[in-house]
Amino acid sequence: MASPALNLSIRIASFGLLFVLFISFHAGGALPDREAIRAELTRIAEDHNIPSIGYAFVSHEDGVIADAVGMADVERGIAAGPDSLYRVGSITKSFVALGVLKRVHEGALDLDARLSELLPDLEFQNDWEHSHPVRLRHLMEHTSGFPDFKLKDFLLPPGTPLPELEAVVRMRTGQWRCRWQPGTRWAYSNIAYTLLAHILERNKGVPYHDYLTDLILRPAGMDDADFLGRNLERLVCSSSASGKPLQAVPINDHPAGYLHATPMDMGNWMLFLLDEPDWLPAGGLEAISRPGSIVGAGNGLMGYGLGFYGGESKGRVLLGHNGGIEGFLSKYLVAPELGVGYYYSLARANGVAFEAVNTYFRNLVMDNRSAVEPTPSVAVPEPGIEGWYRPASYRMEAMKLSADLTGAVRLRIVGDQVVMRVLTGVETRLNALGQGYYRPADTERPTHFIGSYEGKTVISTGFAYWERGSFVSVWALPVCFFSGLLVFLSLPVVVFGIHLVRTLRKRCEFSQVTLWPFLGSLTFVLIAGIMVLVANAANESVQILITLNPYSVSLLVLSLLFPLLWLWSVYCWWKSGPLIGMATRVMLGLALMGWFVVLAVFTGYGYIPEMTWRW
């Protein structure tokens, strides 16, 4: 899993690339050539074995171009088209957010209302409730501190009816726990949108999907769109990484990602957005594309707003959402000032193909005449912000170790710029805007806040959060873990190999004290190998992660064997005495110490015993 800093860099770059396309639409006065689009997307689909790609382009001048390439049903020979049905995943969240904003506009809801008041029967844990209560806007902006879903609670077997939201919320009793002060840090949470839809149902007195259908789908002309998957027989065929057809898998948290829509539906949706519904807050689309409840929010800081990802390039605001659900990857993005937007959906979760489409859109038209050049930055970086910063927000508990090991960043002031460097070597250069706000050179609005919060120097963006620490506090865990891992994986193999050769040459008698650490190293290699196999198998179906199967059972057995082998190895080493030489004893002792470090880290982060069906 990529680090939060890397994910942030990728997200910022993606918005920048997409902006070129928007500019070209506006400057050229017409939507791109249809046949050229079909030809290029057909090539991408064929190169990456994508069954179909649905897409739509919109502009206020030219309306909607909607179409699809590839096959909606390969076996029956049915071609995909503008009325083919796709699963758009988390794009659903934008619809739920608009429904909430409509009720806020009517005075029936308040963005600052407490969750404890909106759902008084909900059992949740917030250690900061007296000073930082969970509010409605926090759920919309992913700043509640609630974790993301567990796979075992998210996916349902194919053909299972969608549950009532009341039941889904009750099912998660014990998971509604704030990991930090609500309203301070961003961390994506699907289950927060289940709560939002539940609140909407309680407030409106009708099922959320009926309300959103009447509010958005029908007025927008999204005639084939549906929140409950009632037309699954029309769904385009999606495939796994190997090309195997996938069944549509229902989800518990359907308000977070179960919208089904055609390319024409999504084109009409983008026009609906560009017309800016009258129930939007003051500032319209730009306002809902900005976070309002993270540390440093304000002054135009870009990030995740009220149900929409916000970005900016060349002075123009971009907003939209992406969506991923088993078998599908989707994205829509609009540029309100230019009156243009686009959407596409791949009937296969292939990240390379997804980016290939982005690259094509980037290079489609290169005319930037409508771009607004950023104003020169005249401020200088704040003193005292240089140093190391460790990540302090994460999406899931399973991601925390990866973030702690690889998510640190270093800030340096070089000339009049701040250089933010992640451990992978990727650098982001930021210009100062004053008052703790910073931006890349090619943007107008701030993307980073670097300043003080509750006595700590922090980096806050619309997507990530770091706290400054000492060199030791940032590097202690990575150095200890990777050093321990290196020693543990190498020394037992070397010692056992030498000892085995000496035994075979009859220069010494075989001693089991060298065998057990070697088996411990082998066990770890097997665990790592099975994890790779699980990841690859999950490309066929994520169900492999949350069911009892040879992969998951093997991981459990090996992860239990791992600490038992360490205990036995320590006992044998302690009792070995004169059976082995001093050099061998020292090397095995170092290996056992490294093994203990690895074991302690994995146990502390909840990876031992490993039962993927808990994920």
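Each position in the sequence shown, counted from 1, maps to that position plus 8 in the numbering used here. Glycine included, C-beta positions come from ideal geometry on N, C-alpha and C.
Residue i versus residue j: straight-line alpha-carbon distance, rounded
{"i": "glutamate 452", "j": "leucine 314", "result": "21 Å"}
{"i": "glycine 319", "j": "glycine 349", "result": "14 Å"}
{"i": "aspartate 283", "j": "valine 257", "result": "34 Å"}
{"i": "leucine 49", "j": "tryptophan 474", "result": "39 Å"}
{"i": "glycine 323", "j": "histidine 456", "result": "16 Å"}
{"i": "cysteine 488", "j": "serine 410", "result": "14 Å"}
{"i": "alanine 249", "j": "arginine 95", "result": "17 Å"}
{"i": "proline 253", "j": "serine 246", "result": "6 Å"}
{"i": "serine 124", "j": "glycine 89", "result": "46 Å"}
{"i": "arginine 210", "j": "alanine 200", "result": "15 Å"}
{"i": "valine 214", "j": "aspartate 231", "result": "20 Å"}
{"i": "arginine 19", "j": "cysteine 186", "result": "Low per-residue confidence applies at arginine 19: pLDDT is 40, beneath 50, and the placement is therefore not dependable, though the value from the model is reported in the following sentence. Cα-Cα distance, rounded: 25 Å."}
{"i": "proline 344", "j": "arginine 298", "result": "14 Å"}
{"i": "methionine 374", "j": "aspartate 41", "result": "Note that methionine 374 has pLDDT 26, beneath the 50 cutoff, so the model's placement of it is unreliable and no number is given."}
{"i": "glutamine 255", "j": "histidine 113", "result": "40 Å"}
{"i": "glycine 275", "j": "isoleucine 99", "result": "13 Å"}
{"i": "leucine 327", "j": "arginine 122", "result": "27 Å"}
{"i": "glycine 335", "j": "arginine 356", "result": "5 Å"}
{"i": "lysine 4", "j": "threonine 151", "result": "No statement about residue 4 is possible, as the shown extent of the chain runs from 9 to 623 and does not include it."}
{"i": "valine 521", "j": "valine 594", "result": "12 Å"}
{"i": "lysine 339", "j": "proline 486", "result": "35 Å"}
{"i": "phenylalanine 490", "j": "proline 454", "result": "36 Å"}
{"i": "glycine 597", "j": "glutamate 172", "result": "57 Å"}
{"i": "alanine 608", "j": "serine 577", "result": "16 Å"}
{"i": "alanine 290", "j": "glycine 492", "result": "55 Å"}
{"i": "leucine 553", "j": "glycine 612", "result": "21 Å"}
{"i": "arginine 476", "j": "leucine 441", "result": "21 Å"}
{"i": "alanine 74", "j": "serine 92", "result": "10 Å"}
Classification of residue i by the beta-carbon crowding that lies within 10 angstroms, buried from 16 upward
{"i": "valine 422", "result": "exposed"}
{"i": "glycine 463", "result": "exposed"}
{"i": "tyrosine 579", "result": "exposed"}
{"i": "serine 481", "result": "exposed"}
{"i": "methionine 590", "result": "exposed"}
{"i": "leucine 225", "result": "buried"}
{"i": "glutamate 618", "result": "buried"}
{"i": "valine 72", "result": "buried"}
{"i": "tryptophan 524", "result": "buried"}
{"i": "glycine 415", "result": "buried"}
{"i": "lysine 583", "result": "exposed"}
{"i": "serine 139", "result": "exposed"}
{"i": "valine 606", "result": "buried"}
{"i": "leucine 494", "result": "exposed"}
{"i": "proline 391", "result": "exposed"}
{"i": "aspartate 261", "result": "buried"}
{"i": "leucine 575", "result": "exposed"}
{"i": "phenylalanine 496", "result": "buried"}
Residue closest to residue i, alpha-carbon to alpha-carbon, out of the options
{"i": "leucine 354", "options": "Asp129, Asn57, Asn557", "result": "Asn57"}
{"i": "histidine 572", "options": "Phe604, Ile588, Pro227", "result": "The sequence as given places leucine at residue 572; histidine does not occur at that position. The shortest Cα separation from leucine 572 among Phe604, Ile588, Pro227 belongs to Phe604."}
{"i": "alanine 47", "options": "Tyr368, Ser67, Ala295", "result": "Tyr368"}
{"i": "aspartate 81", "options": "Phe65, Thr100, Gly97, Ser60", "result": "Ser60"}
{"i": "isoleucine 538", "options": "Ser567, Thr511, Pro486", "result": "Ser567"}
{"i": "tyrosine 615", "options": "Gly153, Phe570, Arg593", "result": "Phe570"}
{"i": "tyrosine 402", "options": "Gly347, Ser197, Asp55", "result": "Ser197"}
{"i": "alanine 64", "options": "Leu341, Val561, Lys212, Gln425", "result": "Leu341"}
{"i": "arginine 437", "options": "Val427, Gly444, Gln443", "result": "Val427"}
{"i": "threonine 504", "options": "Phe518, Leu494, Leu493, Gly492", "result": "Note that residue 504 is phenylalanine in the sequence shown, not threonine. Checking every option, the nearest Cα to that of phenylalanine 504 belongs to Phe518."}
{"i": "tryptophan 277", "options": "Gly229, Asn260, Val303", "result": "Gly229"}
{"i": "glutamate 435", "options": "Arg420, Val303, Leu126, Val565", "result": "Arg420"}
{"i": "glycine 331", "options": "Phe362, Gly347, Val142", "result": "Phe362"}
{"i": "glycine 182", "options": "Ser529, Phe154, Ala269", "result": "Phe154"}
{"i": "phenylalanine 532", "options": "Val303, Ser102, Gly602, Trp483", "result": "Gly602"}
{"i": "isoleucine 296", "options": "Gly265, Tyr317, Pro500, Phe280", "result": "Tyr317"}
According to DSSP, residues forming a beta bridge with residue i
{"i": "lysine 339", "result": "Asn330, Tyr352"}
{"i": "lysine 464", "result": "Tyr461"}
{"i": "phenylalanine 65", "result": "Ile73, Tyr350"}
{"i": "asparagine 439", "result": "Gln425, Arg447"}
{"i": "glycine 477", "result": "Trp396"}
{"i": "threonine 469", "result": "His456"}
{"i": "serine 247", "result": "Pro253, Arg356"}
{"i": "isoleucine 588", "result": "Paired residue(s): none; isoleucine 588 is not in a bridge."}
{"i": "serine 60", "result": "Gly78"}
{"i": "tyrosine 266", "result": "DSSP, once it has assigned bridges, lists no residue as partnering tyrosine 266."}
{"i": "leucine 163", "result": "Ile259"}
Heavy atom of the ligand NAP within 8 Å of residue i beta-carbon
{"i": "cysteine 516", "result": "Within the structure as shown, the ligand NAP is missing, as the structure has no ligands at all."}
Do the region 164-175 and the region 120-134 meet, that is, are 3 or more Cβ pairs less than 8 Å apart?
no
Check whether the region 93-110 touches the region 157-164, counting contact only when three or more Cβ pairs, one atom from each stretch, lie closer than 8 Å.
no
Would you check if the region 170-185 and the region 379-395 touch, i.e. whether three or more CB-CB distances between them fall below 8 Å?
no
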